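Novice: Okay, handing you the structure first.
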Amino acid sequence: MSDQPVLHVKGRVLAGPEDVRDELWVVGGRISFDRPAAARDVRTVEGWALPGLVDAHCHVGLGAEGPVDADTAEKQALTDRETGTLLIRDAGSPSDTRWIDGRDDLPKIIRAGRHIARTRRYMRNYAYEIEPDELVAYVAQEARRGDGWVKLVGDWIDRDLGDLSACWPREAVEAAIAEAHRLGARVTAHCFAESSLRDLVEAGIDCIEHATGLTDDLVPLFAERGVAIVPTLVNIATFPDLAAGGERRYPRWSAHMRRLHERRYDTVRGAHDAGIPVFVGTDAGGSLAHGLVAAEVAELVTAGLSPVAALSATSWGARAWLGRPGLEEGAPADLVVYESDPRADVRVLAAPRRVVLNGRIVE
34 MSDQPVLHVK GRVLAGPEDV RDELWVVGGR ISFDRPAAAR DVRTVEGWAL
84 PGLVDAHCHV GLGAEGPVDA DTAEKQALTD RETGTLLIRD AGSPSDTRWI
134 DGRDDLPKII RAGRHIARTR RYMRNYAYEI EPDELVAYVA QEARRGDGWV
184 KLVGDWIDRD LGDLSACWPR EAVEAAIAEA HRLGARVTAH CFAESSLRDL
234 VEAGIDCIEH ATGLTDDLVP LFAERGVAIV PTLVNIATFP DLAAGGERRY
284 PRWSAHMRRL HERRYDTVRG AHDAGIPVFV GTDAGGSLAH GLVAAEVAEL
334 VTAGLSPVAA LSATSWGARA WLGRPGLEEG APADLVVYES DPRADVRVLA
384 APRRVVLNGR IVE
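The numbers in my numbering rise by one with no breaks, and the one at position 107 of the sequence shown is 140.
This is the structure in structure tokens:
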């Protein structure tokens, strides 16, 4: 037995939406639903326990101007941890954050490598900026560097057009996604607009970030192909300010961004109702603060998801989608304990009573 104290979590343990246990034990950093035979040093925590929350679109190591130093990346990860986010899908970062894997006090990260964007069609210092004939090679490179994901920039403003437009020709994304899949990686793409979605989905993409351009005619295609979306509604809330800032130079783009913002809740609700998988992501890093996972869950409820569905999008369902365990026998003890039932009111997520990471209480 490890020299770690045994942790006894009792009250209500939400191992699944309807799988509610009375207690669990943490022995040697692992979950057990059986009382240990010879536990001496036992610490008890009471409340409502959920699996460690998931932020499925987050950027550790990224700041407004590009890569940040290790101290700043550590602060970003600690901020996420404080809010109960213990598993991050890092949806693109120019920084090498592998050192975090050696820290058992920081959230676990599933990396998508660095963004892959079209030349001069994304924010400076964020992405590899390349042309379509290079896409397969760069996707292969990031598939090998990442943790089973690759991130494309599917659309961005075309300054000549004065509006959002797709970044890649159909044949380029078909070949690139096929190569990623051959190497065992899934592919996701930043997409605000409508124009890039059909080609990406029909090319076999696995996920779309933001998905503000998802229209009624595309919903059946997403549902049939099982393509997930990560709406990042806390980021979409910034669209009016972005539109105002670009109004003078790009009025067409500004009007488009406002339309996408106005229908955001209808877009997410329609996707969910059609059976499209929806997951929580905050887009933290860059211009957005870390630690916004509770706010994003609340936004999904505002959009029309039930509290249980919104919780699943950051806990049971999100972990299953990413291939990571929840509150299961023998799993790493990554969990968050709350004062009351988050299924009754998701706002409780903003104030964890205790955060347990790798079997140790960290908050």
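Cβ coordinates follow ideal geometry from the N, Cα and C atoms, glycine included.
On a predicted model such as this, the values are computed, not experimentally measured, just so you know.
Just reading off the alpha helix (DSSP H) that threonine 112 is part of, what are its end residues?
Specialist: Start at 1 with the first residue of the sequence shown, and residue 112 comes out as number 79. Note, threonine 112: alpha helix (DSSP H), 103-115.
Novice: Can you give the Cα-Cα distance for aspartate 55 and leucine 333, rounded to whole angstroms?
Specialist: The count along the sequence shown starts at 1 and reaches residue 55 at position 22. The count along the sequence shown starts at 1 and reaches residue 333 at position 300. Taking the CA atoms as reference points, aspartate 55 sits about 28 Å from leucine 333.
Novice: If you compare alpha carbons, which of Pro375, Leu251, Gly49, Lys43 is closest to alanine 351?
Specialist: Mapped onto the sequence shown, residue 351 falls at position 318. Cα-wise, what sits closest to alanine 351 is Gly49.
Novice: Assuming valine 172 contacts alanine 124 under a Cβ cut-off of 8 Å, what Cβ separation, rounded to an integer in Å, is found between them?
Specialist: The count along the sequence shown starts at 1 and reaches residue 172 at position 139. The count along the sequence shown starts at 1 and reaches residue 124 at position 91. Actually they are not in contact, since the Cβ atoms of valine 172 and alanine 124 sit about 15 Å apart, beyond 8 Å.
Novice: Does the distance from the C-beta atom of histidine 92 to that of glycine 318 stay below 7 Å?
Specialist: Taking the first residue of the sequence shown as position 1, residue 92 is located at position 59. Taking the first residue of the sequence shown as position 1, residue 318 is located at position 285. Yes. Within cutoff.
Novice: Less than 8 Å between the CB atoms is what I'm expecting for valine 370 and alanine 82, so what's the real figure, rounded?
Specialist: Taking the first residue of the sequence shown as 1, we reach residue 370 at position 337. Taking the first residue of the sequence shown as 1, we reach residue 82 at position 49. Confirmed, Cβ separation roughly 5 Å.
Novice: Where does asparagine 158 land, buried or exposed, given buried means 16+ other C-beta within 10 angstroms?
Specialist: Translated into the one-based positions of the sequence shown, residue 158 becomes position 125. Exposed: under 16 other Cβ atoms inside 10 Å.
Novice: Going by C-alpha distance, which of Trp349, Ala343, Ala322 is nearest lysine 108?
Specialist: Walking along the sequence shown from the start, residue 108 turns up at place 75. Per the Cα distances, Ala322.
Novice: According to DSSP, simplified to helix, strand and coil, what is alanine 48?
Specialist: Here residue 48 corresponds to residue number 15 of the sequence shown, with the count starting at 1. DSSP places alanine 48 in coil when its eight states are reduced to three.
Novice: Am I right that glycine 85 and leucine 368 are in contact with their C-beta atoms under 8 Å? What's the rounded C-beta distance?
Specialist: Reading the sequence shown from its first residue, position 52 is the one you call residue 85. Reading the sequence shown from its first residue, position 335 is the one you call residue 368. Contact flag correct, Cβ pair sits at about 6 Å.
Novice: So which of Arg231, Val311, Asp134 has the shortest CA-CA distance to threonine 248?
Specialist: Here residue 248 corresponds to residue number 215 of the sequence shown, with the count starting at 1. Comparing C-alpha distances from threonine 248 to each of Arg231, Val311, Asp134 shows the shortest one belongs to Arg231.
Novice: Histidine 243 to glutamine 37, Cα distance in whole Å?
Specialist: For the purposes of this step, residue 243 is taken as residue 210 along the sequence shown, with counting starting at 1. For the purposes of this step, residue 37 is taken as residue 4 along the sequence shown, with counting starting at 1. Going by the C-alpha atoms only, they are around 41 Å apart.
Novice: Tell me which same chain residues have a C-beta within less than 6 Å of the C-beta of alanine 209, skipping the five on either side of it?
Specialist: Position 176 of the sequence shown holds residue 209. Around alanine 209: Leu168, Val169, Val172.
Novice: In chain order, what residues of the same chain lie with their CB nearer than 8 Å to the CB of proline 365, ignoring the 5 residues before and after it?
Specialist: Taking the sequence shown and counting its residues from 1, the one referred to as residue 365 is at position 332. Closer than 8 Å at the Cβ level, and outside the excluded window around proline 365, lie Gly62, Arg63, Ile64, Pro358, Asn391, Gly392.
Novice: For a test of the three-state rule: what should DSSP assign to alanine 276, helix, strand or coil?
Specialist: The residue labelled residue 276 in the question sits at position 243 within the sequence shown. Of the three classes helix, strand and coil, the one that applies to alanine 276 here is helix, per DSSP.
Novice: Looking only at C-alpha atoms, which of Ala353, Ala336, Ala331 sits nearest to aspartate 306?
Specialist: Working through the sequence shown from its first residue, we reach residue 306 at position 273. Nearest of Ala353, Ala336, Ala331 to aspartate 306, Cα basis: Ala336.
Novice: Kindly indicate which three-state DSSP category isoleucine 269 falls into: helix, strand or coil?
Specialist: Numbered from its first residue, the sequence shown carries residue 269 at position 236. In the structure shown, isoleucine 269 sits in a helix (DSSP, three-state: H, G or I).
Novice: Three-state secondary structure (DSSP) at proline 165?
Specialist: Stepping through the sequence shown from its first residue, residue 165 is reached at position 132. If DSSP states are grouped into helix, strand and coil, proline 165 belongs with the helices.
Novice: For a quick check, are the C-beta atoms of valine 313 and alanine 346 less than 7 Å apart?
Specialist: As a position in the sequence shown, residue 313 is number 280, starting the count at 1. As a position in the sequence shown, residue 346 is number 313, starting the count at 1. Yes, they are a contact pair.
Novice: My guess is that isoleucine 121 and isoleucine 142 are in contact by the Cβ rule of under 8 Å, so how many angstroms apart are they, rounded?
Specialist: Stepping through the sequence shown from its first residue, residue 121 is reached at position 88. Stepping through the sequence shown from its first residue, residue 142 is reached at position 109. Between isoleucine 121 and isoleucine 142, the beta carbon gap of about 5 Å places them in contact (Cβ cut-off 8 Å).
Novice: What runs of the alpha helix (DSSP H), each 4 residues or longer, lie entirely inside the region 290-320?
Specialist: 297-306
Novice: Residue range of the beta strand (DSSP E) that alanine 199 falls in?
Specialist: Here residue 199 refers to the residue found at position 166 when the sequence shown is read from its first residue. Taken as a continuous stretch (DSSP letters only), the beta strand (DSSP E) holding alanine 199 covers 196-199.
Novice: Counting only the same chain and skipping the five closest in sequence on each side, list residues whose C-beta sits under 7 Å from that of valine 234.
Specialist: For the purposes of this step, residue 234 is taken as the residue at position 201 of the sequence shown. Same-chain partners within the cutoff: Leu254, Phe255, Arg258, Val260.
Novice: Compute the Euclidean distance between the alpha carbons of glutamate 396 and valine 311, then round it to the nearest angstrom.
Specialist: For this step, residue 396 is matched to residue 363 along the sequence shown. For this step, residue 311 is matched to residue 278 along the sequence shown. Cα to Cα, glutamate 396 sits roughly 28 Å from valine 311.
Novice: When burial is assigned at 16 or more other CB atoms within 10 Å of the CB, is aspartate 239 buried or exposed?
Specialist: Here residue 239 is taken as the residue at index 206 of the sequence shown, counted from 1. It is buried - the Cβ of aspartate 239 has at least 16 other Cβ atoms within 10 Å.
Novice: Pull up the DSSP beta-bridge partners for tryptophan 182, would you.
Specialist: Looking up residue 182 in the sequence shown gives position 149. For tryptophan 182, which the question treats as bridged, DSSP gives the partners Arg219.
Novice: Is the Cβ-Cβ distance between threonine 26 and aspartate 88 less than 7 Å?
Specialist: Nothing can be reported for residue 26, as the shown portion of the chain is limited to 34 through 396.
Novice: Applying the criterion that 16 or more other CB atoms from any shown protein chain within 10 Å of the CB defines a buried residue, is glutamate 329 buried or exposed?
Specialist: For the purposes of this step, residue 329 is identified with residue 296 of the sequence shown, where counting begins at 1. Result: buried.
Novice: Please classify glutamate 175 as buried or exposed, where buried requires at least 16 other C-beta atoms within 10 Å of its C-beta.
Specialist: Within the sequence shown, residue 175 is the residue found at index 142, counting from 1. Buried, by the Cβ-count rule.
Novice: Check for me: the beta strand (DSSP E) holding leucine 333 runs from which residue to which?
Specialist: Stepping through the sequence shown from its first residue, residue 333 is reached at position 300. Here leucine 333 belongs to no beta strand (DSSP E); instead the alpha helix (DSSP H) covers 326-336.
Novice: Could you check what DSSP says for aspartate 239 in three-state terms: helix, strand or coil?
Specialist: By 1-based counting over the sequence shown, the position of residue 239 is 206. Three-state DSSP puts aspartate 239 in coil, outside helix and strand.
Novice: Is the beta carbon of glycine 229 sitting closer than 7 Å to the one on glycine 187?
Specialist: For the purposes of this step, residue 229 is taken as the residue at position 196 of the sequence shown. For the purposes of this step, residue 187 is taken as the residue at position 154 of the sequence shown. Note on identity: in this sequence residue 229 is serine, with glycine being the wrong assignment. Yes, the Cβ-Cβ distance between serine 229 and glycine 187 is below 7 Å.
Novice: So, using beta-carbon positions, are tryptophan 189 and arginine 219 closer together than 7 Å?
Specialist: Walking along the sequence shown from the start, residue 189 turns up at place 156. Walking along the sequence shown from the start, residue 219 turns up at place 186. No, they are not a contact pair.
Novice: Any idea what DSSP makes of proline 140, helix, strand or coil?
Specialist: Counting from one through the sequence shown, the residue named residue 140 turns up at place 107. The answer is coil: DSSP assigns proline 140 none of H, G, I, E or B.
Novice: Considering valine 369, what are the terminal residues of the beta strand (DSSP E) in which it resides?
Specialist: Reading the sequence shown from its first residue, position 336 is the one you call residue 369. That run of the beta strand (DSSP E) goes 368-371.
Novice: CB-CB under 7 Å to valine 263, same chain, minus the five flanking residues each way: which ones, in chain order?
Specialist: As a working mapping, residue 263 is identified with position 230 in the sequence shown. Here the set comprises Ala89, His90, Cys240, Glu242, Phe312, Gly314.
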